[in-house]
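In this note's numbering, the protein residues as written are 13 to 331. The beta-carbon is built from N, C-alpha and C at its ideal position, and this holds for glycine as well. Please read these numbers as outputs of a predicted model, since none were measured by experiment.
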């Protein structure tokens, strides 16, 4: 998630120019061609290519409608992703509290030791943290899973390598362990049902995130927005040159830049799980949940929060 650009205005301008250098070059080329051929038409005795302002203005209006729809829809996807992970935060904390307070050797009347209860708590908390990190990998389509050994056993890691949806199978394993704890009288009936409801909520939140990841933005909006955008960018300087002369060059570059930045912002925001500077910071959110849960079980190895990253040209963002 982008926090802010550099505090240095020079770095801000330089960064924006660097990441849009191709488009700026094309805008400048089109503007120079349109203006030069108009200015030197009398000298070389040929009719310059010009376009009336009204059709180009109408095209710009239609383009603005397409861009507005796309950007609103893309922001809705980004905001829904943030709400989903906010729900995962709340449900994870609830799950951790329930695991630590609902389980007890009391229900077994001495048949289950306190050490076994503590071991069970740590196992479920660790597996839940493993689920969080596996969900990130699942959404980002990572193929390496060996770095989960901190929270999952070697047997579990080998098991999930062969399944299609790894986070789903980890939740299934959690449900099995809850059932075993109920049968061993570590938790009683009502508390077992409450914990099962939290697992159900995790399934629901995971499905919502998968829906965003798996739903491709309608192709025709992307395609025709791009077609209209570049048609407008090419036509614009040929309509401004007769009206503004040499002033049409900076003006057409500026107008074209505004429209392309709007198009680019919508394209970047469409998929909020890729780990880019503009995406939902699911790695940072997961680390915060990890810290909360490990502190609940009084773990001795609690990681530090993820600090904001500094990218090129001083951009500050969270992963």
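Below 8 Å on the Cβ atoms is my contact criterion, and I expect residue i with residue j to pass it. Report the Cβ-Cβ distance as a whole number of Å.
i, j, result
"residue 75", "residue 250", "In fact, because the Cβ distance is near 16 Å, the residues do not count as touching under 8 Å."
"residue 179", "residue 140", "At roughly 11 Å, the Cβ-Cβ gap does not stay under 8 Å, so residue 179 and residue 140 are not in contact."
"residue 22", "residue 269", "With 8 Å as the limit, residue 22 and residue 269 do not qualify as a contact, their Cβ atoms being about 18 Å apart."
"residue 108", "residue 308", "5 Å"
"residue 245", "residue 42", "7 Å"
"residue 62", "residue 50", "7 Å"
"residue 132", "residue 211", "With 8 Å as the limit, residue 132 and residue 211 do not qualify as a contact, their Cβ atoms being about 15 Å apart."
"residue 143", "residue 297", "Incorrect: roughly 14 Å between the Cβ atoms, too far for contact."
"residue 196", "residue 120", "7 Å"
"residue 279", "residue 46", "Not a contact, Cβ separation roughly 27 Å."
Which two residues bound the contiguous alpha helix (DSSP H) that contains residue i?
i, result
"residue 88", "65-114"
"residue 154", "Taken as a continuous stretch (DSSP letters only), residue 154 belongs to no alpha helix (DSSP H), as it is neither H nor E."
"residue 302", "294-308"
"residue 34", "33-51"
"residue 118", "Unbroken run through residue 118: none, as it is neither H nor E."
"residue 190", "178-195"
"residue 173", "166-173"
Which residues in the same chain have their Cβ closer than 7 Å to the Cβ of residue i, if we skip the five residues on either side of it in sequence?
i, result
"residue 277", "83"
"residue 117", "124, 125, 126 and 129"
"residue 136", "111, 186 and 189"
"residue 214", "103 and 183"
"residue 282", "86, 89 and 229"
"residue 303", "314, 315 and 317"
"residue 267", "248"
"residue 16", "328"
Using a Cβ-Cβ cut-off of 6 Å (strictly less than) and excluding sequence neighbours within five positions of residue i, which residues of its own chain qualify?
i, result
"residue 65", "251"
"residue 27", "325"
"residue 100", "217"
"residue 224", "89 and 93"
"residue 306", "314"
Excluding five sequence neighbours on each side, which residues of the same chain lie with their C-beta closer than 8 Å to the C-beta of residue i?
i, result
"residue 78", "233, 236, 237 and 240"
"residue 36", "29, 265 and 269"
"residue 301", "100, 101, 104, 105, 141 and 144"
"residue 160", "142, 145, 146 and 169"
Between residue i and chain B, is there a C-beta pair that is closer than 8 Å?
i, result
"residue 90", "No chain B is present in this structure, which holds just one protein chain."
Where are the alpha helix (DSSP H) runs, 4 residues long or more, that stay fully inside the region 215-256, in chain order?
-> Taking only runs of at least 4 residues, the alpha helix (DSSP H) segments lying wholly in the region 215-256 are 231-256.
Examine the Cβ distances between the region 93-107 and the region 290-300 and report whether three or more of them are shorter than 8 Å.
-> Short answer: they touch.
Looking at C-beta atoms only, is the number of pairs between the region 213-227 and the region 23-32 that lie closer than 8 Å three or more?
-> Taking one beta carbon from each stretch, the region 213-227 and the region 23-32 have fewer than 3 pairs nearer than 8 Å; the two do not touch.
Should the region 138-158 be called in touch with the region 312-329, which here means at least 3 C-beta pairs below 8 Å?
-> no
Please determine if the region 165-176 and the region 188-205 are in contact, where contact requires at least 3 C-beta pairs separated by less than 8 Å.
-> By the Cβ test, the region 165-176 is not in contact with the region 188-205, since fewer than three Cβ pairs between them sit closer than 8 Å.
Whole runs of the alpha helix (DSSP H) within the region 256-292, excluding any shorter than 4 residues | 260-281
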